[in-house]
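Written out below as C-alpha cells is the structure these notes cover.
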Amino acid sequence: MQQLTFPDVGEAAVLADPAFSSNKRRPLHRWVNWIAGFSADFVASTIERYLGSADPASACVLDPFAGVGTTLVEAFRRRFGTVGFEINPFAALAARLKLACVRLDLARFEAAIATYDRLLGEVETETDAAYRANGSTDWEARLPQPASAPPRAFRSRVPFFSPPVLHKVLFTLDYVGGLREGDPLIADMFRLAFGATMVGYSNYTYEPSLGSRPGSGKALIDNASVRLPVVAKLSEMLADAAELQTMLGRGAQPALAAVHAMSFFRAPECLRPQSIDLVVTSPPYLNNYHYPRNTRPQVHWLFGDHAARILRQMETESFGTFWQTVRDLPPIALHMPHAGLGERLAALRDVSPGRGAYSGAGWANYATTYFNDAYRFFRVLWPLLKPGAHAVIVVGNSLLKGIEFQVDRIFADIARMVGFDAAVEVVRSSRVGSSIVGTGLRSKPRGARAALYEAAVILHKSASHPDGSV
Ligand SMILES: C[S@@+](CC[C@H](N)C(=O)[O-])C[C@H]1O[C@@H](n2cnc3c(N)ncnc32)[C@H](O)[C@@H]1O
C-alpha cells in the first residue's frame with residue numbers, strides 16, 4: 001500500500017497514561033465503568049500543566065464528550081468551573097451526580113441505603129425460598145407483587161433478567177420510586193447504582209460490546225442477589241460523597257458546574273463565547289464502538305418511555321455517527337481539503353467492492369463522516385475558547401480494512417485549518433482494543449498489523465485571535 005506522508009509533529013510522552021483502568025479504584029471515578037473513559041491521573045496532569053497557576057475562581061474546564069465525567073470531577077475537585085456535554089443520558093446522569101453529591105444529605109442517604117438493604121433482604125429471602133421450592137412455574141403465585149413493570153419497549157434476544165432476578169429488580173424500582181418525591185437527588189443516586197450494576201446480574205455481558213452471556217460462552221444466570229451489588233455500589237457512592245464534602249465543604253460549588261445531556265454541537269445554545277480556559281476530552285474513536293446499543297438496557301430501564309426517542313437521537317447525533325448508519329448511503333464527500341486523507345479514503349472506498357454493505361465504500365462513508373464531524377467540532381469549539389486557551393484531545397489510530405488512519409495527525413491538520421496551533425504527543429504507544437476493523441466487523445485482515453496507539457492532540461488558540469472568529 002502506498003505510504004502517505006503527514007506533516008511532522010513533535011512527539012514526546014510527557015502526559016500521564018490515559019488508560020481508564022486505575023479509575024476502577026478511585027473515589028467517584030469508580031462509580032460506573034465506561035468504555036474508553038480515561039484516567040483521573042491523565043486529566044490531573046493535564047490540568048496541572050495548563051492551569052497550574054490559574055485562579056480556579058475564574059477558570060473553566062470543558063469536556064465536550066464528557067462520558068461519566070472524569071474531566072469534570074478532576075476540575076471540580078480543584079474548584080475550577082467545569083462544564084460537560086454528553087449525549088448518552090446514563091453517562092450524563094453519572095457525571096452530574098458525581099458533582100451534585102457535594103450537596104447530598106449524607107445522613108438521609110445512609111438511612112435510605114439501610115432501609116433498602118433491609119426491605120430487599122426480606123424480598124430476596126422470600127423470592128429465593130419460593131423459587132427453590134417451586135422451580136420455574138408458579139413460584140411467584142403466593143408472593144407479594146411489585147408495582148413497577150419492565151420498560152415496555154425493551155426487547156432482548158434472551159430474557160434480560162431471569163424471573164427471580166426480575167422480581168427483585170422490580171421491587172428495587174418500587175423502592176426508588178418511593179424515594180423520588182422526598183429526595184430526588186437520593187433517588188437518582190439509587191437509579192445510578194442500579195444502572196451501574198444491572199448488567200452484572202443480567203443474562204448479558206460486556207466483552208466489551210454488550211452481548212448475551214451464552215453468546216460469550218457463559219451460563220445464563222438462574223438467580224442472583226440484586227440487593228448485594230446495589231448496596232455495595234451505594235456504599236461506595238456514600239463514602240466518596242463524604243470524602244468530597246470533607247475536601248470541599250458541603251455544598252461548595254464553583255461558579256459553574258454543569259452537565260448538559262445533549263450534543264456538544266449545540267453548545268453555543270448554552271455556553272458564552274470565549275468562556276473556556278481548557279478542554280480535556282476524548283471523543284468517540286474511529287472504531288465504530290456503538291455507545292447507544294451498548295447502553296440500551298440502562299437507557300430503557302432508567303429513562304422508560306423516552307428510551308426509544310433518546311436512542312434514535314443518540315444514533316443520529318453521535319460524533320462520527322456509525323458505520324451502520326452511513327454504509328448504504330451514496331458516497332459522502334469530505335467537507336474540507338486534505339490531500340493525504342482524501343487519498344486514504346479513496347483507497348478504502350476501493351477495497352472489496354463486491355461485498356455490499358461490507359465493502360470498503362461503506363467504511364469510507366463512515367470514516368468520512370467521522371472526519372467531517374471533527375471539522376465541525378473544531379469550528380464549534382473555536383469561538384468558545386478564550387484566546388490563549390488549550391484543548392487536549394485524546395484519540396487512537398485505527399485500521400479500517402487494513403488501511404491505517406492516524407487520527408491524531410489528521411485531527412491536528414483539521415484543527416490547523418480552523419485556526420488552532422496543533423501538536424501531537426503520543427501518550428500510549430501500545431493499547432489493547434478492537435480498533436482493527438477487517439473484512440468482517442472486527443476480524444483482522446491477514447498481514448495488516450499496525451500498532452495501535454493513543455495520542456493527545458494539543459490545540460492552542462493563540463492570543464493573536466482575540467475576536468474568536470475563524
Ligand atoms: C470516549 S468516550 C469519553 C469518555 C470520557 N473521557 C470518560 O472518562 O468517561 C466518548 C463519549 O462521547 C459521547 N458523545 C458522542 N457524540 C457526542 C456528541 N455529539 N456530543 C456529546 N457527547 C457525545 C459518547 O456518548 C461517549 O460517552
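Quick note: the sequence shown uses the working numbering, first residue 1, plus one each step.
For glycine and all other residues, C-beta sits at the position ideal for the given N, C-alpha and C.
Item, Value
"Bridge-paired residues (DSSP) for R428", "E454"
"CB of L120 within 9 Å of CB of F160, strictly", "no"
"heavy atom of ligand 1 below 8 Å from G69 C-beta", "yes"
"Residue nearest to N397 in terms of C-alpha spacing, selected from L381, G388, A455, I221", "A455"
"Whole-number beta carbon distance between A391 and V259, since they are thought to touch under 8 Å", "Not quite, the Cβ-Cβ distance comes to about 19 Å (not below 8 Å), so this is no contact."
"Residue span of the alpha helix (DSSP H) that contains G362, given as start and end", "360-384"
"Extent of the continuous alpha helix (DSSP H) run through G217", "That residue, G217, is in no alpha helix (DSSP H); it is neither H nor E in DSSP."
"Whole-angstrom distance between T281 and I458, CA atom to CA atom", "11 Å"
"First through last residue of the beta strand (DSSP E) which encompasses T137", "Counting along the chain, T137 falls outside any beta strand (DSSP E), and DSSP gives it neither H nor E."
"Through-space distance from F319 to D421, alpha-carbon basis", "23 Å"
"Proximity test, S22 beta-carbon vs ligand 1 heavy atom, cut-off 8 Å", "no"
"Paired residues, beta bridge with I403 - DSSP", "L400"
"Spatial neighbours of T137 in its chain, beta-carbon cut-off 8 Å, leaving aside the 5 residues before and after", "none"
"Opening and closing residue of the beta strand (DSSP E) in which H260 lies", "257-260"
"Where N134 falls, given that 16 or more other Cβ within 10 Å makes a residue buried", "exposed"
"Closer than 8 Å: T325 CB and nearest ligand 2 heavy atom", "Absent from the structure shown: ligand 2. Ligands present: ligand 1."
"Identity of the residue in L256, A255, C270 nearest M262 by Cα", "C270"
"contact_flag[the segment 108-123, the segment 221-230] where n(CB pairs < 8 Å) is 3 or more", "yes"
"Burial state of L452, where buried means 16 or more other Cβ atoms lie within 10 Å", "buried"
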